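Novice:
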Amino acid sequence: MVALAFFSALILTSAVSSVLFCFAFYFLSRIYGYFLISINNPYSTTKGSKIAYIAEKTLEFIGIFFPRFDMFSKSEWLIYGVTDCFVICFWFYTHKIIPYLGIVPEVPTVNQTKIMALGDEQFFFRYLALYIQNSGDTFGRFTSLKNYDYSALLKWFLLLDELDHRSNFVPAIASYYYSNTQKVEDNKYIIEYLEKTYDKDPVNKWWWLGQAVMLAQNKLQDKHLALRLAYKLSTTPNDKLPRWAQQMPVFILEQLGEKEQALAIIKDLADKFDNYSQGEINFMNYFIRNRLGFLNEEIKKTPNWNIHMSKAAEKFFLSNCEFLIGAYKPSDFPLNKLPEFAFIGRSNVGKSSLINALVNRGNIARVSNTPGRTQQINFFHLAHRIHLVDLPGYGYAKASKQDVERWNHLIMNYLKNRSQLKRIFLLIDARHGLKPNDMAMIDFLNNFGTLVQIILTKVDKLSSKELENIIQKIQEDITNIAVCYHNVIPTSTVKKTGINGLKQEIYDIIK
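Under full-length UniProt numbering, the first residue of the sequence shown carries the number 1, and numbering increases by one thereafter.
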């Protein structure tokens, strides 16, 4: 027992000693490395650069044997915290940086001195950043930032970018300094810097202008400056410019209350980018309309859809309309990119009659009632400019399960892949309102993002009060459904109620 206890104690002592040795070796090596790098300029040609190089390689060598001290994973924060605090304090003391906080030396103007300054001064600012980043708010980080001469500091950032324009650390440090200052107006310097950086190389440095937009919008609180920069960013000649960058002006205009301009940009984006998801366009469109109260205002009243059409819209719908194709499978879909308006609803809700009324033809959509036609997606070509699309009805009483599954697959493929689909009109029998099948269809359509607008058919069967009540009930049911446009269109193909309003609605979308 004594021997076992002795060996156990020996093993435990050895383990503890090894851990303490590793910790001490790592601790001292890290301090040594920081010390050498901080007191010797690695950018110069003096022997100091060689010493710094040796110190750097020493730390790398230590890392081979002790890669981030995985054995101390749970207490790693303590090791790094203690060593960093000691290093910062040691470096703080040796450099006596306190008197120099906020004092920015003049930027050299002669080319030779510019190059020489890339050594000491750049190194100084790098370590100044290290000091600030390792000091929490408790230690006065923001107090330090408040003391800087930001106009002078900006000149240094411009110089560093001039000397090493491929480096990314310069804008990163600059953004850090300026975005954390307590003087909000100082942000104008970094915004100016970021814009100048962008102007030098818009294709590759577009991101910096995006950062300038965010600083102008959120830090400087200058929405008009943010809008100017956002417009500039959105027109960057870069095919790989992300969509959020193209969309930036939209949301700033929304904040400024410029609703018409915001909606115009959305329409322009939809027209320019073929690979733009219609769902994304509809989301922005809905977001702005909803945020600006368009829908909330419209939901409070029942619009008069017996409006007088514009002459342009009237002429458009008097144009020739012809049956284009009945798509039995996705490969049958038309290949052109003409805008499309789809009509869907329960069987016998009146889709064919409505399409006939729209194009002023008594039998153009009659083909959808012939055997086989109802099992496919029918495309009608109007004025060589748009497609009216008749989707198969749902709620089939006599269809087999296999047919229903095939139709559902066909419809899903269409809704998912037709980027030119501008709107889906969901037809509801006014006498019955929204049925469970209709709500299930709305939930289904909500997955695709395309704006859905409800059309009530056969409203001639209802009194004015009944119609008002059914519209109000439907609007309440769809209030929280993002893809549903809240304006319900009441129609009657018998009395031509709402037909002109629907024509104008379609024409306004494509004009």
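We treat Cβ as the ideally placed atom computed from N, Cα and C, and that holds for glycine. These numbers were taken from a predicted model, which means no experiment stands behind them.
1. Kindly list the residues whose CB is nearer than 6 Å to the CB of residue 333, restricted to its own chain and excluding five residues on each side of it in sequence; keep chain order.
2. What does the Cβ neighbour count give for residue 352, buried or exposed, with the cut at 16 atoms within 10 Å?
3. Would you give the residue range spanned by the alpha helix (DSSP H) that residue 197 belongs to?
4. Just to confirm before moving on: does the CB-CB distance between residue 454 and residue 488 stay below 7 Å?
5. Does residue 205 pass the burial test, meaning 16 or more other C-beta atoms within 10 Å, or should it be called exposed?
6. What is the DSSP secondary structure of residue 53, reduced to helix, strand or coil?
7. Residue 385 by DSSP, collapsed to three states: which one?
8. Would DSSP call residue 340 helix, strand or coil?
9. Skipping 5 residues on each side, what residues in its chain have a beta carbon closer than 7 Å to that of residue 209?
10. Compare the beta carbon distance of residue 452 and residue 445 with 7 Å and say whether it is the shorter of the two.
11. Taking residue 335 as the reference, which of 420, 246, 401 has the closest Cα?
12. Could you check how far apart the C-beta atoms of residue 442 and residue 426 are, in whole angstroms? I think they sit under 8 Å.
13. With distances taken between CB atoms, is the gap from residue 349 to residue 450 smaller than 7 Å?
14. Less than 7 Å separating the beta-carbons of residue 223 and residue 256?
15. DSSP three-state call for residue 379: helix, strand or coil?
16. Residue 388 to residue 226, Cα distance in whole Å?
17. Check residue 228 in the structure and name its three-state DSSP category.
18. Give me the Cβ distance between residue 313 and residue 503, rounded to the nearest whole Å; I'm assuming they're in contact under 8 Å.
19. Do residue 474 and residue 434 have their C-beta atoms within less than 7 Å of each other?
20. Does any C-beta atom of chain C lie closer than 7 Å to the C-beta of residue 188?
21. Restricting to runs no shorter than 4 residues, where is the alpha helix (DSSP H) found entirely within the stretch 417-482?
22. By the 10 Å Cβ neighbour count, where 16 or more other Cβ atoms means buried, how is residue 384 classified, buried or exposed?
23. Where does residue 59 sit, in a helix, a strand or coil, going by DSSP?
24. In this structure, how does DSSP classify residue 46 when only helix, strand and coil are distinguished?
25. Suppose you measure from the CA of residue 251 to the CA of residue 375; what does that come to, to the nearest Å?
26. What's the C-alpha gap between residue 386 and residue 340?
27. How many angstroms separate the CA atom of residue 510 from the CA atom of residue 438?
28. Opposite residue 491 in the DSSP bridges: which residues?
29. According to DSSP, which residues form a beta bridge with residue 345?
30. Evaluate residue 235 with the Cβ neighbour count: other Cβ atoms within 10 Å of its Cβ, from every protein chain shown; 16 or more gives buried, anything less gives exposed.
31. Using the three-state DSSP reduction, which class does residue 409 fall into: helix, strand or coil?
32. Is it buried or exposed, residue 216, if we count other Cβ atoms within 10 angstroms and call 16 or more buried?
33. Shortest alpha-carbon distance to residue 518 belongs to which of 337, 239, 391, 331?
34. State the DSSP-derived secondary structure class of residue 510, mapped to helix, strand or coil.
35. Drop a sphere of 10 angstroms on the beta-carbon of residue 422, count the other beta-carbons inside from all chains shown, and report buried for 16 or more, exposed for fewer.
36. Could you spell out the range, first to last residue, of the alpha helix (DSSP H) harbouring residue 210?
Specialist: To lay it out plainly:
1. Position 333 of the sequence shown, counted from the first residue, corresponds to residue 333. For residue 333, where only same-chain residues beyond five positions count, the Cβ hits under 6 Å are 327.
2. Counting from 1 along the sequence shown, the entry for residue 352 is found at position 352. Label assigned to residue 352: buried.
3. Your numbering for residue 197 matches position 197 in the sequence shown. Element bounds for residue 197: 187-200.
4. Residue 454 sits at position 454 when you count from the first residue of the sequence shown. Residue 488 sits at position 488 when you count from the first residue of the sequence shown. Less than 7 Å separates the beta-carbon of residue 454 from that of residue 488.
5. Here residue 205 is taken as the residue at index 205 of the sequence shown, counted from 1. It is buried - the Cβ of residue 205 has at least 16 other Cβ atoms within 10 Å.
6. Residue mapping note: residue 53 aligns to position 53 of the sequence shown, counting from 1. Residue confidence for residue 53 is low, a pLDDT of 46 falling below 50, so the modelled location carries little weight and cannot support an answer.
7. Counting from one through the sequence shown, the residue named residue 385 turns up at place 385. Looking at residue 385 - three-state DSSP - the assignment turns out to be coil, as it is neither helix nor strand.
8. As a working mapping, residue 340 is identified with position 340 in the sequence shown. It is a strand residue.
9. The residue you call residue 209 lines up with position 209 of the sequence shown. Excluding sequence neighbours, residue 209 sits near 194, 195, 198, 229, 232, 233.
10. Here residue 452 corresponds to residue number 452 of the sequence shown, with the count starting at 1. Here residue 445 corresponds to residue number 445 of the sequence shown, with the count starting at 1. Contact: yes.
11. For the purposes of this step, residue 335 is identified with residue 335 of the sequence shown, where counting begins at 1. Nearest of 420, 246, 401 to residue 335, Cα basis: 420.
12. Start at 1 with the first residue of the sequence shown, and residue 442 comes out as number 442. Start at 1 with the first residue of the sequence shown, and residue 426 comes out as number 426. Between residue 426 and residue 442 the Cβ distance is about 7 Å, and since that is below 8 Å, they are a contact.
13. In the sequence shown, the residue the question calls residue 349 occupies position 349. In the sequence shown, the residue the question calls residue 450 occupies position 450. Contact flag unset, no.
14. Sequence index remark: in the sequence shown, residue 223 carries index 223 (1-based). Sequence index remark: in the sequence shown, residue 256 carries index 256 (1-based). Closer than 7 Å, so yes.
15. As a working note, residue 379 is residue 379 in the sequence shown. Residue state, collapsed to three classes: strand.
16. What you label residue 388 is simply residue 388 of the sequence shown in a count that begins at 1. What you label residue 226 is simply residue 226 of the sequence shown in a count that begins at 1. The alpha-carbon of residue 388 is positioned some 41 Å away from that of residue 226.
17. The sequence position of residue 228 within the sequence shown is 228, counting from 1. The answer is helix: DSSP assigns residue 228 an H, G or I state.
18. Taking the sequence shown and counting its residues from 1, one reaches residue 313 at position 313. Taking the sequence shown and counting its residues from 1, one reaches residue 503 at position 503. Yes, residue 313 and residue 503 are in contact; Cβ-Cβ is about 6 Å, under 8 Å.
19. The residue you call residue 474 lines up with position 474 of the sequence shown. The residue you call residue 434 lines up with position 434 of the sequence shown. In this structure, residue 434 lies closer than 7 Å to residue 474 by Cβ.
20. Protein chain content of the structure displayed is limited to a single chain, and chain C is not contained in it.
21. Within the stretch 417-482, the complete alpha helix (DSSP H) segments at least 4 residues long are 436-445, 464-477, listed from N- to C-terminus.
22. To locate residue 384, count along the sequence shown from 1; it is residue 384. Residue 384 should be labelled exposed.
23. Here residue 59 refers to the residue found at position 59 of the sequence shown. Because the pLDDT of residue 59 is 47, which lies under 50, any placement of that residue in the model is unreliable, and the number read from its coordinates should be weighed accordingly. When secondary structure is reduced to three states using DSSP, residue 59 falls in the helix class.
24. Indexing the sequence shown from 1 puts residue 46 at position 46. Confidence is the limiting factor: at residue 46 the pLDDT is only 39, short of 50, which leaves the residue's position unreliable, though a coordinate-based value still follows. In the structure shown, residue 46 falls within a coil segment according to DSSP collapsed to helix, strand and coil.
25. As a working mapping, residue 251 is identified with position 251 in the sequence shown. As a working mapping, residue 375 is identified with position 375 in the sequence shown. Roughly 42 Å between the two C-alpha positions.
26. The residue given as residue 386 occupies position 386 in the sequence shown. The residue given as residue 340 occupies position 340 in the sequence shown. When rounded, the distance between both Cα atoms is 6 Å.
27. As a working mapping, residue 510 is identified with position 510 in the sequence shown. As a working mapping, residue 438 is identified with position 438 in the sequence shown. Computed Cα separation, rounded: 27 Å.
28. To locate residue 491, count along the sequence shown from 1; it is residue 491. Per DSSP, none; premise fails for residue 491.
29. Counted from its first residue, the sequence shown places residue 345 at position 345. DSSP, once it has assigned bridges, lists 427 as partnering residue 345.
30. For the purposes of this step, residue 235 is identified with residue 235 of the sequence shown, where counting begins at 1. It is exposed - the Cβ of residue 235 has fewer than 16 other Cβ atoms within 10 Å.
31. Translated into the one-based positions of the sequence shown, residue 409 becomes position 409. Note: residue 409 maps to helix in three-state DSSP.
32. Taking the first residue of the sequence shown as 1, we reach residue 216 at position 216. Residue 216 is classed as buried because its beta carbon has at least 16 other beta carbons within 10 Å across all chains shown.
33. Because residue 518 is not part of the residues shown, which for the chain are 1 to 511, the question remains open.
34. Looking up residue 510 in the sequence shown gives position 510. DSSP places residue 510 in helix when its eight states are reduced to three.
35. Residue numbering aside, residue 422 sits at position 422 when the sequence shown is read from its first letter. That one is buried.
36. Counting from 1 along the sequence shown, the entry for residue 210 is found at position 210. Counting along the chain, the alpha helix (DSSP H) containing residue 210 begins and ends at 206-214.
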